[in-house]
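Notes for the one structure printed next.
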Amino acid sequence: MGERRVVVTGLGAVTPVGNDVKAMWESLVNGRSGIDIATQVNVDQFPAKVAAEVKDFEPEKYIDRKDIRRMDLFTQYAVAAAKMAVEDANLVIDDSNATRVGVWIGSGIGGMKTWEEQHIRLLEKGPRRVSPFFVPMMIPDMAAGQVSIILGAKGINSCTVTACASGASSIGDAFKAVQRGDVDYIIAGGTEAPISDMSFAGFCSAKALSTNPDPKTASRPFDKNRDGFVMGEGAGIIVMETLESALERGAKIYGEVVGYGATGDAYHVTAPAVDGEGAARAMEMALKDAGVSPDEVGYINAHGTSTDMNDKYETTAIKTVFGDHAYKLAVSSTKSMIGHLLGAAGGVESVISLKTIEEGIIPPTINYETPDEECDLDYVPNEARKQDVDVVVSNSLGFGGHNVSLVFKKYNG
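Next comes the structure, spelled out in structure tokens:
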């Protein structure tokens, strides 16, 4: 059997700019930011003051109340986004297909808040008071596990943990599972709920977070005055299936997944390889896998974290791969509005990439005010752009030297 064509038929998202895909997309194309003063930590204790928090999330719309108490927030976000995506795909999971439906949802950190709460309880009240649900609430794979249980999906059930590339890695790995025939449908993406004292302390100590106290301007990818990323939270989930199945079901097709590239820097635990060497290889690998030439790509949804080295080296990597075409590409970072969702970033940005193809609108990089001579591409500054896009590359890069590129293509029969 040859490789099967894989298409996306469902989208779901919980984000700092909207708790469903429609609300998120409307915010992004209008350049609205979800970043504000952090409320989940005591900002007086930290040099970083802002975060991109999910607002007005109602888990009881998606999860039984008794189960909510047994799930960390990162799992709740994943269940909500997965249910939205499956409903959007009009996919019924029953005895006829359950063993052919997989789940592959990544998380970089997992239940950090649960870990903190239970550790405090251990220190203050002793080991007997630690919750019996501590471990299944904390471990990063439990988002995939709970989605599988709740939706009855009995195919491959997995979680790829590659730091800030986890969501993209999971979608790429899930894409290959459908392509080679392991399953016919798969629910995939990333989820994260990392905004806690421990996470803030760690990233502040690493000097990775922006210390700009102004929520409106703190996240400014590719701008010369960028000073670090803004931590975010949420989930982005897509439903992928074979083209044959989608056509048979009469499903709406958002786009085709055609390429996946993954490489390692073998360089440093937090810093990207010089000149984005590993990121460049990931993009080249993804384009080769897709059978797409560089000049066919119209838009890159960049990793674009608003950190000095990432933005500089990602720009260099794009120029390495695309040559002169790099200056004809649209490149934007939606992290300027939603912050950096860590392990969920690749999931949410895959949803955004597919909406870009569907709507013919490229979201902007807001807060782009001062050009950086080392970041000299077209970053779609400050305002969305109407433009038909046939091929999108989405980049995700993570601590540990993980580089992932995904290629999405307009479905044309």
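Throughout, my numbering is defined as the position within the sequence shown, counted from one, plus 2.
C-beta: ideal position from N, C-alpha, C; glycine also.
Small disclaimer: the values here were computed from a predicted structure and weren't measured.
For residue i, the nearest candidate out of the options (CA to CA)
i    : options                   : result
F48  : E28, F136, L211 and K85   : L211
M200 : G341, V94 and K115        : K115
M339 : R6, G12 and S29           : S29
T336 : Y370, E361, K314 and I320 : Y370
D412 : T41, G257 and Y315        : Contrary to the premise, residue 412 reads as Lys rather than Asp in this sequence. Closest option to K412, Cα to Cα, is G257.
P366 : G36, A25, G12 and N32     : N32
D74  : P142, V88 and I188        : P142
C206 : Y381, V393, D46 and G415  : D46
E235 : A83, F410 and H404        : A83
E243 : F177, M140 and G147       : F177
A268 : T309, V353 and G400       : G400
D58  : G20, S334 and D374        : G20
V105 : T162, K63 and H305        : T162
K85  : T307, P61, R251 and A273  : P61
K68  : F135, H121 and V88        : F135
I188 : K330, Q120, N99 and G112  : N99
V382 : V56, G293, K330 and V271  : K330
R251 : D66, V94, S334 and V56    : V94
Under 8 Å between C-beta atoms of residue i and residue j
i    : j    : result
V81  : V185 : no
A15  : V23  : yes
V406 : G204 : no
G169 : A347 : yes
A190 : I240 : yes
G261 : E194 : no
N384 : I368 : yes
L379 : S396 : no
K254 : T11  : yes
G278 : Y315 : yes
G192 : G403 : no
L344 : P217 : no
D392 : E246 : no
A208 : N214 : no
E351 : N414 : no
G280 : A332 : no
S198 : Q389 : no
T307 : C377 : no
A87  : S398 : no
G113 : M140 : yes
A50  : F202 : yes
The beta strand (DSSP E) enclosing residue i, as first and last residue numbers
i    : result
N397 : V393 to G400
M339 : Counting along the chain, M339 falls outside any beta strand (DSSP E), though it belongs to the alpha helix (DSSP H) covering K337 to I340.
S407 : H404 to K411
I240 : G236 to T244
Y187 : Y187 to E194
S334 : A332 to S334
V315 : The sequence shown places Tyr at residue 315, rather than the Val named in the question. Per DSSP, Y315 belongs to no beta strand (DSSP E); it is in the alpha helix (DSSP H), D310 to F324.
V105 : V103 to G108
Outcome for residue i when other beta-carbon atoms lying within 10 angstroms are tallied against a minimum of 16
i    : result
L125 : exposed
L249 : exposed
Y79  : buried
P223 : buried
S172 : buried
N312 : buried
D291 : buried
K63  : exposed
H305 : buried
F39  : Position check: residue 39 holds Ile in this sequence, whereas Phe was assumed. Per the 10 Å Cβ criterion, exposed.
G183 : exposed
Span of the alpha helix (DSSP H) around residue i
i    : result
E258 : Counting along the chain, E258 falls outside any alpha helix (DSSP H), though it belongs to the beta strand (DSSP E) covering G257 to G266.
E119 : M114 to K127
A176 : S168 to Q181
L289 : E279 to A292
T77  : L75 to D90
I151 : M144 to L153
G349 : A347 to E361
V31  : V23 to V31
I70  : R67 to I70
Cβ shell of residue i (< 6 Å), same chain only, five flanking positions each side left out
i    : result
T372 : D225, K226 and N227
M144 : T77 and P138
A54  : P18, G36, I37, V232, G234, I340 and G341
R6   : Q181 and T244
Neighbourhood of residue i by C-beta, 8 Å cutoff - its chain only, sequence neighbours within 5 removed
i    : result
D96  : G154
V323 : A282, M285, E286, L289 and P296
R123 : R131, V132 and S133
I70  : P61, E62 and Q78
Residue-chain proximity (residue i, chain D), Cβ-Cβ < 8 Å
i    : result
Y269 : In summary, chain D is missing from the structure at hand, where a single protein chain is found.
Spatial neighbours of residue i in its chain, beta-carbon cut-off 7 Å, leaving aside the 5 residues before and after
i    : result
M26  : A15, T17, V19 and G20
V353 : L13, A15, V23, G238 and I240
E375 : none
N159 : G104, V105, A146, G147 and S150
A416 : Not covered by the structure: residue 416. The range shown for the chain is 3 to 415.
V271 : F401 and G402
S355 : N303, V394, S396 and F410
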